[in-house]
Amino acid sequence: MSVSSLMDTTEKITPDFIRAAKARGERIPALTAYDYPTARLLDEAGVPLLLVGDSLGMVVLGYPDTTQVTLAEMRHHVAAVARAKTRALVVADLPYHTYQTTGNAVANAHVLVEAGAEAVKLEGGLAVVPEIRALRQAGIPVVGHIGMLPQHIKEEGGYKIKGRSAEQKEQLLADALAVQEAGAFALVLELVEPALAREITALVSIPTIGIGSGPHCDGQILVTHDLVGAFPWFRPKFAVAKADIASAIRTAAQAFVKQVHEPSA
Ligand code: KIV
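Just so we're aligned: the sequence shown equals residues 244 to 508 in the working numbering.
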């Protein structure tokens, strides 16, 4: 019996289906979505995993980084994405300071699950193993996230590549194994040095989903605004825009302004 791929299945995508993509040798494309129309459009385009990322703080809410995003804001956006009833799996970020203990990790993840998230993502390796285990025990599927941790931007002092020193490399390899053993079904590698991202990808049996971590991960994720050129004031170097939505909006708005000012022109 042939097993459907993420692209050709018409069934709802589950965490197990994403995890099994690695064994099938199938790459996993993933994008962020923060609202109903974007979720529908990305789903119609065949994206199998949608992340309601806390990056929404920067590209939608205008915060300088992700640390100000609240659980209430995440819940609001998760609910909007969930209303699209996508075939894609909907994963939601647990925002900063919502998973310092196993108890609040589970309680706060339940808020996002009740809003429509089908899995949650949290940042960290060995340090968050108790929280990942508690989430799994509560029946909530988990995506891990190691490498550059945007919620720690203040301590990190910038968006820098991780895994160049022997010490960081050893730490990241240990983190990847720990997150897998704690029960995550996939692992985001953010700004991990590409040779190390390749090594981690070979080491773990769960799929790695890279962002700015080179081509050898099992999947790739981007902030949709970077992919479609909807946030023209900043775009990370690794993100290649495939559209220019910002220009399309400016052009349409200018045409409208002109039409209102000069109706007969
Ligand atoms: O918040 C987010 O969008 C993310 C991705 C960049 C992986 O965590």
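No residue lacks a Cβ here, since even glycine has one placed at the ideal position from N, Cα and C.
Pairing I256 with C460, the inter-Cα distance amounts to about 20 angstroms. A Cβ-Cβ separation of about 7 angstroms places L446 in contact with L420 under the 8 angstroms criterion. Assignment of A273 by DSSP, reduced to helix, strand and coil, places it in the strand class. Here T281 is actually not in contact with T451; their C-beta atoms are around 25 angstroms apart, not less than 8 angstroms. Secondary structure at E357: helix, using DSSP grouped into helix, strand and coil.
Judged by DSSP in its simplified three-state form, E410 adopts helix. Under the 8 angstroms Cβ criterion, the stretch 348-358 counts as touching the stretch 377-384, having at least three qualifying pairs. For L299, the CB contacts under 6 angstroms within the same chain, skipping 5 residues up- and downstream, are Y277 and H320 in chain order. Its chain contains L294, A362, K364 and V386 as the residues whose beta carbon lies nearer than 6 angstroms to that of V334, once the 5 sequence neighbours on both sides are disregarded; these appear in chain order. Taking a C-beta distance under 8 angstroms as the contact criterion, A484 and V471 qualify as a contact pair. In this structure, the straight-line span from the alpha carbon of I396 to that of G368 is close to 16 angstroms. The closest heavy atom of the ligand KIV lies less than 7 angstroms from the beta carbon of E433.
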